[in-house]
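One structure below.
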Amino acid sequence: MENALNLDTVLLSDDEKAVVILDQTLLPNECKFLKLDKAEDVWDAIYKLRVRGAPAIGVCGAYAYFVLADQFQTDDMDAFVKKCTEIMEYINSSRPTAVNLSWALNRMHAVLMAEKDKLSVADMKVRLKKEAHAIREEDVQISRNIGQYGFELLEKLGKGVGIMTHCNAGTLATAKYGTALAPMYIALENGWDGKKDLHVYCDETRPLLQGARLSAYEMQAAGIDTYVQCDNMASYTMKSGKVGIIFVGCDRVAANGDFANKIGTSGVAIMAKHYGIPFYVCAPSSTIDMTMESGDEIHIEQRKPEEVTEMWYEKRMAPEGVGVVNPAFDVTDHSLVTGIITEKGIAYAPFKESFEKMGIKPVEKFVDKK
Ligand code: MRU
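Quick note: the sequence shown uses the working numbering, first residue 2, plus one each step.
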């Protein structure tokens with residue numbers, strides 16, 4: 002089984018004409034890469050979760066911005082800006098909850114707007130490519146830093162610790178290392194024995210099974226003692242005393258520390274509080290949206306009923322015509338959060354003050370405005 006750290010989730014193709022993604026819908030059974038050079042194909046790949054995880058869709062958005070802008074043949078900067086605005090708005094409409102997609106598109110667009118009067122269209126294209134590469138490279142370092150802070154928490158708990166996680170916030174969800182799974186990769190780099198020193202419990206994460214298919218694959222392939230549990234087994238495992246800490250990822254954190262993550266996360270946090278288990282959110286600072294005061298403002302993506310009633314089953318398993326609830330994310334209240342691990346350090350309540358001390362500020366928004 003290939004160590005997932007060796008797989009590049011999102012890249013620019015060698016000829017620089019396409020975004021290359023690892024198709025995560027096929028994992029863990031098949032490892033297939035897709036070349037995307039049409040706006041509709043990028044949109045579809047993000048919507049269908051072929052590329053997924055907040056930072057990974059941000060990197061994909063940045064490369065797509067460059068690839069699609071590069072195809073537009075013109076010397077007229079105004080026409081180029083108009084085209085780039087259309088690209089940004091279209092790609093951003095693929096998924097609404099993870100702020101990283103709009104964050105990366107906004108960052109690309111901010112470069113365009115700041116330098117459009119100084120550069121030719123040809124030079125601007127080179128500049129945009131450089132920015133997209135920078136977004137990817139920075140993501141690797143950010144994830145490593147988050148992993149390092151998380152590993153320090155594991156060290157305090159000692160070898161043999163049990164870690165619970167929900168969904169997949171691993172290397173597959175980022176450019177490399179991941180956020181919530183990064184502490185375990187860093188533990189291995191520090192000589193911890195994956196089979197004895199780390200025990201990872203992955204919620205399967207209904208309905209799209211990112212925990213069972215992706216986190217379990219990543220952790221097992223890295224040589225870590227790994228368990229998959231149905232989401233409704235989490236309380237049992239927590240009560241057994243096997244879980245020393247919980248790490249989850251996030252898709253958007255509001256200024257007060259409320260955060261959206263994969264559906265089911267808020268239930269995990271409520272249980273963790275009940276059992277007195279430390280609950281940490283792993284968040285690149287790009288996921289912290291200081292323009293939103295609280296989680297009430299976060300737009301929650303609603304998805305197709307078939308993901309609940311038909312996918313993964315040989316035959317439809319729920320009665321025809323029944324109503325279906327299928328929100329992709331939920332919002333966890335900041336009062337349930339022990340700490341938010343960023344690449345700049347760990348934020349504690351009151352979170353807004355903590356974020357401000359780290360220098361995290363609202364960013365300029367061209368899309369995803371309130
Ligand atoms: O719908 P998904 O699979 O994109 O949801 C992913 C999550 O909820 C992750 O926990 C989050 O994006 C953080 S990834 C580092």
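Note that CB positions come from ideal geometry on N, CA and C, so glycine has one too.
Nearest candidate by alpha-carbon position, reference residue i, set the options
| i | options | result |
| --- | --- | --- |
| V338 | K274, P363, K345, F356 | K274 |
| E308 | I289, G296, E298, P328 | P328 |
| E357 | Y66, M272, A255, Q230 | A255 |
| S236 | I225, A223, A270 | A270 |
| P306 | M293, P320, I299 | P320 |
| K243 | A223, F260, Y276 | Y276 |
| L155 | W193, I136, R51 | W193 |
| V326 | G340, E315, D334, T310 | T310 |
| W313 | G324, E205, I147 | E205 |
Any non-hydrogen atom of the ligand MRU closer than 7 Å to residue i Cβ
| i | result |
| --- | --- |
| A174 | yes |
| K263 | yes |
| T10 | no |
| T26 | no |
| L129 | no |
| Q303 | no |
| R51 | no |
| A170 | yes |
| D56 | According to the sequence shown, residue 56 is Pro rather than Asp. The answer is yes for P56. |
| T75 | no |
| C251 | yes |
| T343 | no |
| G179 | yes |
| A99 | yes |
| A329 | yes |
| Q211 | yes |
Contact under 8 Å by Cβ, residue i with residue j
| i | j | result |
| --- | --- | --- |
| F248 | I164 | yes |
| S144 | T98 | no |
| V368 | S103 | yes |
| M220 | M185 | yes |
| I246 | I225 | no |
| F260 | I301 | no |
| N107 | E294 | no |
Residues near residue i by beta carbon distance below 7 Å, same chain, minus five either side
| i | result |
| --- | --- |
| V122 | T75, D76, M78, F81 |
| A170 | G54, G179, T180, A181, L182, V249, G250, C283 |
| K374 | For residue 374 there is no data in the structure shown, the boundaries of the chain being 2 and 371. |
| A120 | According to the sequence provided, residue 120 is Leu. The question's Ala does not apply to it. Around L120: R128. |
| L69 | A40, I88 |
| H335 | N257, G258, D259, A350, F352 |
| Y218 | A5, L28, P29 |
Own chain residues within Cβ distance below 8 Å of residue i, not counting five before or after
| i | result |
| --- | --- |
| D198 | K160, G161, V162, A188 |
| I47 | R53, I58, C61, G62, I92, S95, R96, L102 |
| E138 | A176 |
Own chain residues within Cβ distance below 6 Å of residue i, not counting five before or after
| i | result |
| --- | --- |
| Y228 | Y202 |
| A133 | A63, Y64, F67 |
| R207 | D232 |
| L8 | L23 |
| A372 | Outside the shown range of the chain (2 to 371) lies residue 372, about which nothing can therefore be said. |
| D290 | V100, R253 |
| I347 | Y150, G340 |
| K130 | F67 |
| F152 | P184, I187, A188 |
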